[in-house]
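A short write-up of the structure that comes next.
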């Protein structure tokens with residue numbers, strides 16, 4: 013038991029055949045508390061879970077040795093092979109026979125891989141084989157996405173990856189006959205591998221047995237492998253069992269209700285370097301969905317989830333519908349995409365299947381609260397976005413915890429001010445399922461903003477009367493909009509159509525930074541947006557695309573006023589009713605290069621046109637290119653588009669541009685996919701330009717830049733970002 017450090021047994025007296033014994037024991041001390049030194053708080057928590065020390069536990073040599081071993085192994089698994097662990101025991105003066113344990117840890121540096129030597133390879137180069145080793149990398153001066161470190165478990169996985177690489181090239185007999193890892197210093201190891209490649213194999217005859225639903229020709233077309241093709245085990249398995257793009261035999265059956273479908277691949281003959289196969293199919297009968305249940309939604313109401321589910325009771329089972337349902341639930345932004353699960357429970361006897369969707373709620377509301385001091389005044393803003401709001405529960409007391417939630421509506425409130433110089437107030441509301449039956453959205457918004465030079469509205473004259481301040485400059489805007497959107501079914505149901513009617517009223521008073529200083533303008537416009545969104549996740553997409561084409565236009569007032577010339581009109585009268593047509597196209601594509609590394613390519617164009625050349629282009633709604641683009645839209649409706657590496661608006665005329673184009677490519681790599689803080693780094697190259705008139709438009713006459721950045725998404729605060737850009741072209 014190891015409960016005592018010393019045991020003494022002595023005879024105190026003897027009476028006849030009886031012996032009276034005294035047993036003296038010295039108890040081992042018990043653990044009163046323990047602490048770590050030399051490691052960060054987060055690591056300490058992980059180590060506590062690892063060593064599982066409990067207060068009151070008897071301290072034995074075995075306990076100390078096991079604790080040291082567990083801590084050492086913990087760091088070895090992370091590549092710290094030279095970790096030093098010292099355990100110091102000190103009596104606890106406040107508690108009898110108790111000990112305080114201090115665990116001092118010195119990780120030292122990670123063991124890194126100096127070099128990887130490979131012998132016996134002829135078909136595949138050293139470079140290709142090292143690239144197949146995803147985790148065990150050589151030490152290089154520049155290595156961005158994967159550090160050079162030696163971790164035994166990763167190394168064992170990488171050896172399997174080398175064999176898998178050979179198998180994909182037809183060398184199915186390839187094997188590693190010898191491998192050695194030895195240290196050349198305290199910080200470096202060398203890896204040596206010896207291979208036997210074997211011969212390269214090819215596909216022979218592939219025969220189908222048991223297929224009644226689909227013809228042999230249909231199955232051959234889906235398989236896409238011909239006699240004489242180089243043997244590729246990964247491709248063969250992928251085309252039969254699960255292709256990421258859904259182009260496989262199993263998907264063909266599973267998407268048509270054949271849940272109990274089972275393919276069995278049999279190797280029938282090997283003739284030299286040629287392999288014949290027989291694929292035996294057990295089709296089974298079609299399965300229908302019985303029950304659909306949802307587990308884990310503690311905030312979001314069931315009907316919000318069910319309206320996104322594509323698998324309904326009575327429908328034929330379809331794997332494609334399950335995958336699409338997962339995507340739609342992730343797109344809501346209410347659930348942790350890493351924890352979203354689907355549990356089919358088939359009943360082969362009845363030919364039915366129950367489907368359980370498991371979700372984990374994550375915070376979706378956002379708050380923006382900022383303040384600062386600049387230019388001798390305070391600047392502050394407050395914004396609240398409730399992305400899972402419930403308007404119908406507003407008048408129920410028990411729903412305010414802290415706000416009515418769970419119906420998937422969006423309510424946004426925002427206020428920004430720096431005192432007398434600028435004030436802005438915005439409110440918007442969106443119901444994504446108007447009426448609750450179809451995905452038709454209703455959006456309503458209203459806003460007011462005013463910008464001044466800080467002068468008061470009135471002053472007192474010499475007689476003490478209040479009069480208008482002639483030195484005051486102000487621009488005020490009132491606006492509202494209402495929009496209807498609906499999900500389309502053609503060409504596919506990734507498409508949506510959104511139509512919006514908006515009105516803005518501009519009131520200028522002695523405003524010196526515009527085409528006219530005093531007056532007003534009206535902007536009544538209609539906007540339509542055709543968009544397609546197939547990305548697999550809203551925060552860190554890996555696949556899919558987002559594309560939109562929009563047209564915003566006002567009535568062509570100039571076509572009805574009977575004027576042939578506007579030269580005699582003042583700018584105020586000329587632009588009393590703003591007219592324009594504005595076209596925009598944006599497309600963004602996401603492509604997974606590895607399981608984590610993602611390439612994002614984007615292209616965008618914008619054009620602002622007029623109905624009447626004699627009237628000229630609108631001074632409102634123009635484009636400005638350059639800078640961070642954080643403000644997004646200027647007070648006069650102009651759009652500020654980012655081009656990193658250049659100053660704000662540096663790539664546009666002072667009065668704005670009517671044509672703009674921009675091209676971007678980013679490489680993104682996640683540092684954390686935790687739903688409480690999603691963090692990813694990125695590198696980018698981008699180019700763009702803007703032109704005053706369409707006649708000057710040249711899509712490849714661009715200004716270029718490159719740089720790096722980081723993005724942090726926290727549900728309560730939204731997306732935070734920091735970029736550093738370098739420009740290649742002079743302005």
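In our numbering, the protein residues as written are 13 to 743. Heads up, the beta-carbon is just placed ideally off N, CA and C, and yes, glycines get one too. Keep in mind the model is a prediction, meaning the values are calculated, not measured.
Nearest in C-alpha terms to residue 34, of all of 462, 739, 42, 23, is 23. Looking at 447, 189, 66, the one whose alpha-carbon comes closest to that of residue 79 is 66. Boundaries of the alpha helix (DSSP H) around residue 84: 73–88.
For residue 300, the enclosing beta strand (DSSP E) stretches over residues 300–307. Under the DSSP definition of a beta bridge, residue 677 partners with 613, 697.
Assignment of residue 312 by DSSP, reduced to helix, strand and coil, places it in the coil class.
Close CB contacts of residue 556 within its chain, under the 6 Å cut and outside five residues either way in sequence, are with 546, 547, 548, 602 (chain order). Contact between the stretch 496–507 and the stretch 657–677 is absent, with fewer than three C-beta pairs closer than 8 Å.
By the Cβ-count criterion, residue 698 is buried, with 16 or more other Cβ atoms from all chains shown falling within 10 Å of its own Cβ. Here residue 437 is near residue 460, since their CB atoms are less than 8 Å apart.
Taking the Cα positions, residue 275 is about 7 Å away from residue 291. The way I'd put it, the stretch 333–346 doesn't touch the stretch 278–293; fewer than three beta-carbon pairs between them come closer than 8 Å. Checking the DSSP bridge columns, you'll see residue 601 partnered with 557, 613. Nearest in C-alpha terms to residue 302, of all of 308, 164, 324, 590, is 324.
Of the other Cβ atoms in all chains shown, 16 or more fall within 10 Å of the Cβ of residue 399; this residue is therefore buried.
Residue 404 and residue 508 have their C-alpha atoms roughly 26 Å apart.
Look at residue 688 here: in three-state DSSP terms it is coil, with no helix or strand label.
In this model, residue 652 and residue 336 are separated by some 35 Å (Cα to Cα).
With a cutoff of 8 Å on beta-carbon distance, residue 634 and residue 620 are scored as near each other. Annotation: residue 659 to residue 636 spans about 11 Å, alpha carbon to alpha carbon. Around the Cβ of residue 253, a 10 Å sphere holds fewer than 16 other Cβ atoms; the residue is exposed.
Among the bridge pairs identified by DSSP, residue 534 is matched with 517, 589. Residue 464 is a Cβ neighbour of residue 486, given a cutoff of 8 Å. Taking a C-beta distance under 8 Å as the contact criterion, residue 453 and residue 440 do not qualify as a contact pair. Following the DSSP letters along the chain, one finds residue 286 inside the beta strand (DSSP E) bounded by residues 286–294.
At the C-beta level, residue 211 and residue 249 stay beyond 8 Å of one another. Taking 8 Å as the cut-off, the Cβ atoms of residue 566 and residue 520 do not count as close. The three-state secondary structure of residue 565, taken from DSSP, is strand.
Residue 100 and residue 246 have their C-alpha atoms spaced approximately 53 Å apart.
Annotated as distal: residue 219 and residue 295, with beta-carbon spacing of 8 Å or more.
A direct Cα-to-Cα measurement between residue 691 and residue 107 gives close to 46 Å. When rounded, the separation of the alpha-carbon atoms in residue 241 and residue 214 is 6 Å. Our two residues, residue 352 and residue 110, have alpha carbons roughly 47 Å apart in a direct line. In the DSSP assignment, no residue is bridged to residue 445. Nearest Cα to residue 720 within the set 576, 695, 743: 695. Between residue 740 and residue 673, the alpha-carbon positions lie close to 17 Å from each other.
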